[in-house]
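Visitor:
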DNA sequence: AAAATATATTGCGTATACAAATTGTATAAC
DNA sequence: GTTATACAATTTGTATACGCAATATATTTT
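Chains as they are written, first to last, in the working numbering: chain A, 1237 to 1470; chain B, 1237 to 1470.
#1: Quick one: Cα of residue 1365 of chain A to Cα of residue 1349 of chain A, how far?
#2: If you measure from the CB of residue 1243 of chain B, is any heavy atom of the ligand ADP nearer than 7 angstroms?
#3: Let's test the definition: count the other Cβ atoms within 10 Å of the Cβ of residue 1281 of chain A and tell me whether it reaches 16, buried, or not, exposed.
#4: Determine whether the Cβ of residue 1414 of chain A lies closer than 8 angstroms to any Cβ atom of chain B.
#5: In whole angstroms, what separates the C-alpha of residue 1425 of chain A from that of residue 1386 of chain B?
#6: What does residue 1355 of chain B reach in chain A if we use C-beta pairs closer than 9 angstroms?
#7: Does any residue of chain A have a CB that is nearer than 8 angstroms to the CB of residue 1241 of chain B?
#8: Can you round the beta-carbon distance between residue 1433 of chain A and residue 1422 of chain A to whole angstroms, since I take them to be within the 8 angstroms contact cut?
#9: Name the chain A residues whose beta carbon is nearer than 8 angstroms to that of residue 1321 of chain B?
#10: Could you spell out where the alpha helix (DSSP H) holding residue 1343 of chain B opens and where it closes?
#11: Give me the chain A residues within the contact set of residue 1290 of chain B, using Cβ-Cβ distance strictly less than 8 angstroms, ordered along the chain.
#12: Tell me which residues of the region 1429-1443 of chain A have at least one Cβ-Cβ distance to chain B shorter than 7 angstroms, keeping chain order.
#13: Whole angstroms are fine: how far does the CA of residue 1304 of chain A sit from the CA of residue 1191 of chain A?
#14: In this structure, how does DSSP classify residue 1297 of chain A when only helix, strand and coil are distinguished?
#15: Tell me whether the region 1307-1314 of chain A and the region 1388-1395 of chain A touch, counting them as touching only if at least three CB pairs, one residue from each stretch, are closer than 8 angstroms.
#16: Spell out the partners DSSP gives residue 1303 of chain B in its beta bridges.
#17: Would residue 1270 of chain A and residue 1246 of chain A be called neighbours here (beta carbons separated by less than 8 angstroms)?
#18: Quick one: is residue 1286 of chain A buried, meaning 16 or more other Cβ sit within 10 Å of its Cβ, or exposed?
#19: Restricting to Cα atoms, I'd like to know which of A/1252, A/1381, A/1438 and A/1302 is closest to residue 1414 of chain A.
#20: On the premise that residue 1384 of chain B lies in contact with residue 1380 of chain A, defined as a C-beta separation below 8 angstroms, what is that separation, rounded to the nearest angstrom?
#21: Does the region 1265-1279 of chain A touch the region 1308-1324 of chain A, meaning 3 or more C-beta pairs lie closer than 8 angstroms?
#22: Exposed or buried, what is residue 1266 of chain A when buried is set at 16 or more other beta-carbons lying within 10 Å of its beta-carbon?
#23: Going along chain B, which residues have a C-beta under 8 angstroms from residue 1387 of chain A?
#24: Roughly how many angstroms lie between the CA atoms of residue 1335 of chain B and residue 1343 of chain B, to the nearest whole one?
#25: Relative to the C-alpha of residue 1255 of chain B, which candidate in B/1292, B/1268 and B/1345 has its C-alpha closest?
#26: Any beta-carbon of chain B closer than 8 angstroms to the one on residue 1466 of chain A?
#27: I'd like to know whether the C-beta of residue 1283 of chain A is nearer than 8 angstroms to at least one C-beta of chain B.
#28: With DSSP as the reference, label residue 1507 of chain B as helix, strand or coil.
#29: Using a Cβ cut-off of 7 angstroms, pull out every chain B residue sitting near residue 1318 of chain A, in sequence order please.
#30: First and last residue of the alpha helix (DSSP H) that includes residue 1323 of chain A?
#31: How would you write the range of the alpha helix (DSSP H) that residue 1450 of chain A sits in, first residue to last?
#32: When DSSP labels each residue in this structure, what does residue 1381 of chain B get in the three-state scheme?
#33: Quick check: what's the CA-CA separation for residue 1260 of chain A versus residue 1410 of chain B?
#34: Give a yes or no on whether 8 angstroms exceeds the smallest Cβ distance from residue 1279 of chain A to chain B.
Structure, rendered in structure tokens:
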């Protein structure tokens, strides 16, 4: 195994571990440990760190170890603002520009996603879903939109992993909804139907947003008015 | 002068040289020459390269020297698609979130821009204008929109330098228009008027777009129909 | 006992040395 | 004359070593 392969292995490992929150937001990485684990010296390891910093996976601070990018309240707010706009634009452009080879690639990714829903855990499902959307980004092929889109995908994956983790029960139906939407997205792209692609982007976003909101904002208890006294004693 | 200062000096130098097209798109950088010029060894110089690659200034290819990011026909098309959307979103959010300190900073940048219009050349003007818009990006403060916005600013500066360069004559009035729009943008942000900020973003974009289009598409000659024979005799 | 300063230890940043790969050139064969 | 191959030179990538800065700990002083 060449040094280059070991370097890309490290890159892929960190990317996956961060997306699936196996490495939690804010986690401090150990440079020398990773050197030993992947059989690399510090120089190439630090280059990988810098690349991941540029892509938004890591946060590099001076004279301090690299840290997994934080996922704060503020970033969540930013996420909700930016995501619908960018997702819509990306799918619209994907429908406009997708090549046959890319469509095949997207179908493959959707097949893998469906397979992961059958017999894999949350981490694998997240990665498969992430891959699907990464390909739509490649299809859109817009140099300027892509960096923002990719950052959104990183945190979308991580938000998903942190929030929907526990309730795997009622997740199932929502996930098959998501899978059905993926199929519709593929169809719209293949037909070159930009308007439909944009609509589906909105639908897909709404599904995801509802899921997230369920766990951020606790559902109000469905209780008749007046059951609780206004001034709660003690 | 410490090594760190020399490193940031190199970073700033390359950033400015690329924005002003003193280093043209596609230009191959000489690693060792820059090491000598800035008194650094190869390691920190290569780190600067990687940072600039992540930000979209440079293009790093394997086993090949770093190259100034290309500015192709395709990227120009992408630029026209993405810019209005992102610019609008950024100014809208800037109006929503700007802090008093940031507004002061923006006023300072506008003052510097106006000064550059008086007694500086195209490169200084481009840098001053770039700085103004960078601050609006900071004001918006959205983690996800910022990377795309910054990439747009890079190429907006470079497109400006390549196209409006020669005709400094008729440029003057357009530049004072741009300066007036900057003032209006500051006012809208200070008032927290999101709608007006978004409208001004559109106006500012249209002004810039018209400028660019004038040089990309040669203006049709205003000649009566039939002046040219259909089949041109070679 | 608490606080402050000195000292030790960890680890980040830079430099240099070495290895691998790519490119240019020269020579030979077709 | 053109093309292909081999070899040399330049350049890129990786490894190791050193110096400095930041933080933690211990000892001293108030």
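By construction, the Cβ of each residue, glycine as well, lies at the ideal position given by its N, Cα and C atoms.
All values reported here derive from a predicted model rather than from experimental measurement.
Guide: So, to answer that:
#1: Answer to the nearest angstrom: the Cα atoms are 6 angstroms apart.
#2: The model on display carries no ligand, and the ligand ADP is accordingly not part of it.
#3: Residue 1281 of chain A should be labelled buried.
#4: Closer than 8 angstroms: no.
#5: The straight-line gap from Cα to Cα measures roughly 29 angstroms.
#6: By Cβ distance, chain A contributes nothing, its closest Cβ being about 33 angstroms from residue 1355 of chain B, past 9 angstroms.
#7: Not an interface residue.
#8: Between residue 1422 of chain A and residue 1433 of chain A the Cβ distance is about 10 angstroms, and since that is not below 8 angstroms, they are no contact.
#9: Under the 8 angstroms cutoff, chain A gives 1321 and 1325.
#10: DSSP places residue 1343 of chain B inside the alpha helix (DSSP H), whose first and last residues are 1336-1355.
#11: Within 8 angstroms Cβ-Cβ: 1286, 1287, 1289, 1290 and 1291.
#12: Flagged: no residues at all.
#13: Outside the shown range of chain A (1237 to 1470) lies residue 1191 of chain A, about which nothing can therefore be said.
#14: Here DSSP, grouped into helix, strand and coil, assigns residue 1297 of chain A to coil.
#15: Output reads yes: the region 1388-1395 of chain A touches the region 1307-1314 of chain A.
#16: The partner list for residue 1303 of chain B (beta bridge, DSSP) reads B/1264 and B/1295.
#17: Cβ atoms of residue 1270 of chain A and residue 1246 of chain A: closer than 8 angstroms.
#18: When all chains shown are included, residue 1286 of chain A counts as buried.
#19: Comparing Cα-Cα distances from residue 1414 of chain A to each of A/1252, A/1381, A/1438 and A/1302, the minimum goes to A/1438.
#20: Contact holds; Cβ gap of about 5 angstroms.
#21: Per the Cβ contact rule, the region 1308-1324 of chain A is not in contact with the region 1265-1279 of chain A (fewer than 3 Cβ pairs under 8 angstroms).
#22: Exposed: under 16 other Cβ atoms inside 10 Å.
#23: What residue 1387 of chain A touches in chain B, judged by beta-carbon distance under 8 angstroms, is 1379, 1380 and 1383, going in chain order.
#24: One C-alpha to the other measures close to 12 angstroms.
#25: Selected option, being the one with the closest Cα: B/1292.
#26: For residue 1466 of chain A, the predicted model reports a pLDDT of 46, less than 50, meaning its position is unreliable and no value from the coordinates is stated.
#27: Answer yes: the Cβ-Cβ gap between residue 1283 of chain A and chain B drops below 8 angstroms somewhere.
#28: This structure leaves residue 1507 of chain B out entirely; chain B is present only between 1237 and 1470.
#29: The contacting residues are 1378, 1380 and 1381.
#30: In this chain, the alpha helix (DSSP H) harbouring residue 1323 of chain A covers 1309-1333.
#31: Counting along the chain, residue 1450 of chain A sits inside the alpha helix (DSSP H) bounded by residues 1430-1452.
#32: For residue 1381 of chain B, the secondary structure class from DSSP, reduced to helix, strand or coil, is coil.
#33: Taking the straight line joining both Cα atoms gives about 51 angstroms.
#34: Residue 1279 of chain A counts as touching chain B.
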